[in-house]
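Yeah, the sequence shown ends on 820 if you go by our numbering, and it's all consecutive. Every residue, glycine too, gets a C-beta built ideally from N, C-alpha and C. Quick caveat, the model's predicted, so the values are computed rather than measured.
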Amino acid sequence: MTQSLCRFPESTARPTMTLNPAQKKAVGTLSGPLLVLAGAGTGKTRVVTYRIANLIRHGVRPSRILAVTFTNKAAVEMQQRIAALLGKRLKERPVASTFHSHCVKILRRHIRQLGYPERFAIYDRGDQESLARSVLREIRVPDTLLRPGDLLGQIGAWKSHSVTPPDAGRLARTDKEHLASMAYRRYQQALKNAGAVDFDDLLLCTVQLFREFPDVLRDEAGRFDHLLIDEYQDTNGSQYRIVQALAAEHRNLCVVGDDDQSIYGWRGAEVEHILRFARDWPTAQVVRLEDNYRSTAEILELANRLIRFNARRHDKVLRAARRGGPRPRVLQFADETAEARWVVKEIARIIKSTHREPRDFAILFRTNEQTRAFETELRKAKMPYVLLGGMSFFDRKEVRDVLAYLKVVALPDDEVSLLRIINTPPRGIGAKSIELLMQTATSSGRNLGKLISDPTCLPPAGRGAVERFAQRIQSCRAAFADQGLAAACRKLIEDIHYQAELARLYPDPDERDSRWNAVEELINALAAYENEAASPTLHAFLDEVTLGDRTFDNQKDQALQRNALVLMTLHSAKGLEFPHVYLVGMEEGILPHHRSLGEDERGVDEERRLCYVGVTRAQEELTLSFPRTRMKWGKARDTVPSRFLYELTGQADNPREIARRQQAIRQASARRQAAHRRR
Numbered sequence: 142m143t144q145s146l147c148r149f150p151e152s153t154a155r156p157t158m159t160l161n162p163a164q165k166k167a168v169g170t171l172s173g174p175l176l177v178l179a180g181a182g183t184g185k186t187r188v189v190t191y192r193i194a195n196l197i198r199h200g201v202r203p204s205r206i207l208a209v210t211f212t213n214k215a216a217v218e219m220q221q222r223i224a225a226l227l228g229k230r231l232k233e234r235p236v237a238s239t240f241h242s243h244c245v246k247i248l249r250r251h252i253r254q255l256g257y258p259e260r261f262a263i264y265d266r267g268d269q270e271s272l273a274r275s276v277l278r279e280i281r282v283p284d285t286l287l288r289p290g291d292l293l294g295q296i297g298a299w300k301s302h303s304v305t306p307p308d309a310g311r312l313a314r315t316d317k318e319h320l321a322s323m324a325y326r327r328y329q330q331a332l333k334n335a336g337a338v339d340f341d342d343l344l345l346c347t348v349q350l351f352r353e354f355p356d357v358l359r360d361e362a363g364r365f366d367h368l369l370i371d372e373y374q375d376t377n378g379s380q381y382r383i384v385q386a387l388a389a390e391h392r393n394l395c396v397v398g399d400d401d402q403s404i405y406g407w408r409g410a411e412v413e414h415i416l417r418f419a420r421d422w423p424t425a426q427v428v429r430l431e432d433n434y435r436s437t438a439e440i441l442e443l444a445n446r447l448i449r450f451n452a453r454r455h456d457k458v459l460r461a462a463r464r465g466g467p468r469p470r471v472l473q474f475a476d477e478t479a480e481a482r483w484v485v486k487e488i489a490r491i492i493k494s495t496h497r498e499p500r501d502f503a504i505l506f507r508t509n510e511q512t513r514a515f516e517t518e519l520r521k522a523k524m525p526y527v528l529l530g531g532m533s534f535f536d537r538k539e540v541r542d543v544l545a546y547l548k549v550v551a552l553p554d555d556e557v558s559l560l561r562i563i564n565t566p567p568r569g570i571g572a573k574s575i576e577l578l579m580q581t582a583t584s585s586g587r588n589l590g591k592l593i594s595d596p597t598c599l600p601p602a603g604r605g606a607v608e609r610f611a612q613r614i615q616s617c618r619a620a621f622a623d624q625g626l627a628a629a630c631r632k633l634i635e636d637i638h639y640q641a642e643l644a645r646l647y648p649d650p651d652e653r654d655s656r657w658n659a660v661e662e663l664i665n666a667l668a669a670y671e672n673e674a675a676s677p678t679l680h681a682f683l684d685e686v687t688l689g690d691r692t693f694d695n696q697k698d699q700a701l702q703r704n705a706l707v708l709m710t711l712h713s714a715k716g717l718e719f720p721h722v723y724l725v726g727m728e729e730g731i732l733p734h735h736r737s738l739g740e741d742e743r744g745v746d747e748e749r750r751l752c753y754v755g756v757t758r759a760q761e762e763l764t765l766s767f768p769r770t771r772m773k774w775g776k777a778r779d780t781v782p783s784r785f786l787y788e789l790t791g792q793a794d795n796p797r798e799i800a801r802r803q804q805a806i807r808q809a810s811a812r813r814q815a816a817h818r819r820r
């Protein structure tokens, strides 16, 4: 086995790094449950791809391997690396997919058993908010009691733990939760009536299928002999159940992750899944990757010291492959303006006096509100920068308008999209006509998409406008059936005079051009999909848009390719690395965030992991800073330095380390006494 590993060519990502003993063990373990604890910067991606390639070299059919990642980009890169390692063109490929994309494929095959159409719509966040607002209006709940966003947050939390509407009603404790459970039931029924699911339903419906239809589970689990899960620490309850179900029979399950980098609890991730893996799979082998190839020893000393303050973790210590390096600094400033001014001036000085480029620097922060002072100073210094985490391309109004037309063409039952475009651009269908249509649809039990073809409930003027709109949608469907997708989309935009509508809404020529360019870019994305897909369909294109396919929303990658300083949140920074990192705003209430400061230690533990992620982004130099005062409501308020600063720098006693040392002393004493008695 070792000989076969040695024949693998070196990875292009780290050409000087060979497989170390722990990596070889992970790559060479080819059957049974396996937990790979991959610390920050320890070559996790390399191990994952080498292991898949090694399975194939040892006779496993590529198509019988399923690798699940959390981003489409990671899935594509995995495929490319495996092909490069094997050095030949494979007739088959391993299946590399995200959880949600794989569940879409499962649901397309089986969702009819749950009462949904095979061609279901997938609602994005904007669609969900429209539906939530409508549901709350139906049950007469004002925004002051429950806002649409709060309702969706509660529904998302329930769904991530596989809680159905009846379960939610039983679990509700507060008045707000009872209201939310009522709305959840209506929301879920409205989705089903529209032949739609939301993003969380992709997982929840899959769990339901596996639980209620054993033949479906046998079919889906039987497609693969090996299952590999990347970033296992980020799985939520539904994803955990899917993994358990798919791997239960063959038990060839490899999960890779790092409990110390579990930072998505707020969106349902449960660090317990990786912590209890060995209990879930008693025969599991555990491999720890602890050799760090990213950061200097000085940086890792701080990181190791910090994360030891978390009690609930797998015991591991990062070891630096790179010795030495400057000691990380902790700096304090008078206020947040002084902090930003000093950081930007130092970066400008380093760039001017050394070979460093703007792209070598990252300023990391906990909350989006912290960016203002830094953006102001960066603009003054005329330093190029990118701010990551802004609006997605697919959240822009004009893009959502065109996508709504495409959804109505492909999915006639999609009421949310239909309501968005029925009078956009204006075509004489007023609010009263729309309200009457909705009332008729509700009272008659008919879908709005079917009602617009025969709007007899409307007076003559409104009826004529709605009929003309319905005829236009019907002609669009015919065009998409007969023509190419991009050509039909261009024709649709011309027919509805959307460019003229943008000119009417946005008199400023720069804004008008920017919005029209976004429409053109959407058509470009449609054309690119059409060229790449083996059998392109409008339904599949819409699925890929909703699931965030790599073809479309590459803003983060494009931003990182620019020679510009990066301003980003700690959550956005995971998976990245920079020679120089500035971790700013290190104060109580910001990091750890005030929302985490409750009685339960778990909130602070996750904030500590978030700080750990920030520290381990630094390759060569790390600066931590905080202001002594910060403006709040127009007044300067004193700050309290973050507890993490004391933990990082060894100025805080670790009660867990003390308890561990005391336990070791007691055990040693007991052993000495026992030995003395034996003598």
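Would you check if there are 3 or more beta carbon pairs closer than 8 Å linking the segment 412–419 to the segment 351–364? no
Could you work out which residue in Leu679, Leu786, Glu728 is closest to Arg771 when comparing CA atoms only? As a first step, residue 771 is located in the sequence shown; it is residue number 630 there, counting from the start. Nearest C-alpha to Arg771: Glu728.
Using DSSP's beta-bridge definition, name the partner residues of Phe719. Residue mapping note: residue 719 aligns to position 578 of the sequence shown, counting from 1. BP columns for Phe719 point to Ala759.
Leaving out the 5 sequence neighbours to the left and right, which residues in its chain are closer than 7 Å to Thr828 when beta-carbon positions are compared? For the chain, the structure presents residues 142 to 820; residue 828 sits outside this window and is missing.
Pick helix, strand or coil for Ala503, following the three-state DSSP scheme. Within the sequence shown, numbered from 1, the residue matching residue 503 stands at position 362. In the structure shown, Ala503 sits in a strand (DSSP, three-state: E or B).
Can at least three beta-carbon pairs, one atom from the segment 227–240 and one from the segment 201–216, be found at a separation below 8 Å? yes
Three or more C-beta pairs below 8 Å linking the segment 477–489 and the segment 443–461: no
Specify the secondary structure class of His391 as computed by DSSP and reduced to three states. Walking along the sequence shown from the start, residue 391 turns up at place 250. Reduced to three states, the DSSP call for His391 is coil.
Beta-carbon separation (whole angstroms), Glu685 vs Leu626, contact threshold 8 Å: The sequence position of residue 685 within the sequence shown is 544, counting from 1. The sequence position of residue 626 within the sequence shown is 485, counting from 1. Contact flag wrong, Cβ pair sits at about 12 Å.
Bridge partner(s) assigned by DSSP for Glu728: Residue numbering aside, residue 728 sits at position 587 when the sequence shown is read from its first letter. BP columns for Glu728 point to Pro782.
Quick one: Cα of Ser271 to Cα of Leu292, how far? The residue labelled residue 271 in the question sits at position 130 within the sequence shown. The residue labelled residue 292 in the question sits at position 151 within the sequence shown. One C-alpha to the other measures close to 12 Å.
In terms of alpha-carbon separation, which member of Glu411, His455, Ile440 lies closest to Val427? Numbered from its first residue, the sequence shown carries residue 427 at position 286. Of the candidates Glu411, His455, Ile440, the one whose C-alpha sits nearest the C-alpha of Val427 is His455.
Determine the burial state of Ile376: buried for a count of at least 16 other Cβ atoms within 10 Å of its Cβ, exposed for fewer. As a position in the sequence shown, residue 376 is number 235, starting the count at 1. In the sequence under discussion, the amino acid at residue 376 is Thr, which differs from the Ile named in the question. Thr376 should be labelled buried.
To the nearest whole angstrom, what separates the beta carbons of Val168 and Val188, a pair I think is in contact under 8 Å? In the sequence shown, residue 168 corresponds to position 27, counting from 1. In the sequence shown, residue 188 corresponds to position 47, counting from 1. That pair is a contact at about 6 Å.
Residue ranges of each alpha helix (DSSP H) run of no fewer than 4 residues wholly in the segment 169–237, ordered along the chain? 185–198, 213–227
I think Glu556 touches Leu589, with their Cβ atoms under 8 Å apart; what is that distance to the nearest whole Å? The residue you call residue 556 lines up with position 415 of the sequence shown. The residue you call residue 589 lines up with position 448 of the sequence shown. Between Leu589 and Glu556 the Cβ distance is about 5 Å, and since that is below 8 Å, they are a contact.
Exposed or buried, which one is Lys773 when buried takes at least 16 other CB atoms within 10 Å? Here residue 773 corresponds to residue number 632 of the sequence shown, with the count starting at 1. Exposed, since its Cβ has fewer than 16 Cβ neighbours within 10 Å.
Bridge-paired residues (DSSP) for Ile263: Numbered from its first residue, the sequence shown carries residue 263 at position 122. Bridge partners of Ile263: Val338.
Residue ranges of each alpha helix (DSSP H) within the segment 439–505, 4 or longer: 477–494
With C-beta atoms as the reference, is Tyr264 less than 8 Å away from Ala337? On the sequence shown, residue 264 is found 123 positions in, with the first residue counted as 1. On the sequence shown, residue 337 is found 196 positions in, with the first residue counted as 1. Contact flag set, yes.
Own chain partners of Glu233 with C-beta closer than 8 Å, once the 5 adjacent residues on each side are dropped: To locate residue 233, count along the sequence shown from 1; it is residue 92. These residues qualify, in order along the chain: Arg202, Pro203, Ser204.
Please return the same chain residues whose Cβ sits closer than 8 Å to the Cβ of Val527, not counting the five positions on each side in sequence. The sequence position of residue 527 within the sequence shown is 386, counting from 1. Answer for Val527: Ala700, Leu701, Arg703, Ala705, Leu706, Val707, Leu708, listed in chain order.
Own chain, CB closer than 7 Å to Leu255, minus 5 neighbours either side, in chain order: Residue numbering aside, residue 255 sits at position 114 when the sequence shown is read from its first letter. Cys346, Gln349, Leu350.
For Thr517, name the three-state secondary structure that DSSP assigns. Locating residue 517 in the sequence shown gives position 376, counting from the first residue. Helix at Thr517.
Quick one: using the 10 Å Cβ neighbour count with 16 as the cut-off for buried, is Pro162 buried or exposed? Counted from its first residue, the sequence shown places residue 162 at position 21. Exposed is the call here.
Relative to the alpha-carbon of Gly378, which residue among Tyr325, Val304, Asp400 has its alpha-carbon at the smallest distance? As a working note, residue 378 is residue 237 in the sequence shown. Here the closest residue by C-alpha is Val304.
What do you reckon, are the CB atoms on Gln380 and Lys715 nearer than 8 Å? In the sequence shown, the residue the question calls residue 380 occupies position 239. In the sequence shown, the residue the question calls residue 715 occupies position 574. Contact: no.
Name the DSSP bridge partner or partners of His430? Walking along the sequence shown from the start, residue 430 turns up at place 289. Correcting the residue type first, residue 430 is Leu in the shown sequence and not His. Answer by DSSP bridge pairing, in chain order: Ala179.
Please state the DSSP three-state secondary structure of Gly398. Within the sequence shown, the letter at position 257 stands for residue 398. Correct three-state label for Gly398: strand.
Measure the C-alpha to C-alpha separation of Thr512 and Phe506 and round it to an integer number of angstroms. Taking the first residue of the sequence shown as 1, we reach residue 512 at position 371. Taking the first residue of the sequence shown as 1, we reach residue 506 at position 365. Those two C-alpha atoms are separated by around 8 Å.
Using three-state DSSP, classify Arg604 as helix, strand or coil. Counting from one through the sequence shown, the residue named residue 604 turns up at place 463. Three-state result, Arg604: helix.
Taking the alpha-carbon positions, what's the Gly571 to Leu646 distance? As a working note, residue 571 is residue 430 in the sequence shown. As a working note, residue 646 is residue 505 in the sequence shown. If I take the Cα positions, the gap works out to 18 Å.
DSSP puts Arg326 in a beta bridge; with which residues? Counting from one through the sequence shown, the residue named residue 326 turns up at place 185. Bridge partners of Arg326: none, in fact.
Assign Arg417 to one of three DSSP states: helix, strand, or coil. Here residue 417 refers to the residue found at position 276 of the sequence shown. Correct three-state label for Arg417: coil.
Counting only runs that start and end within the segment 610–654, where is the alpha helix (DSSP H) found for 4 or more residues in a row? 626–636, 639–646
Look at the alpha carbon of Gln814 and the alpha carbon of Ile448, and state the distance between them as a whole number of angstroms. Sequence index remark: in the sequence shown, residue 814 carries index 673 (1-based). Sequence index remark: in the sequence shown, residue 448 carries index 307 (1-based). One C-alpha to the other measures close to 35 Å.
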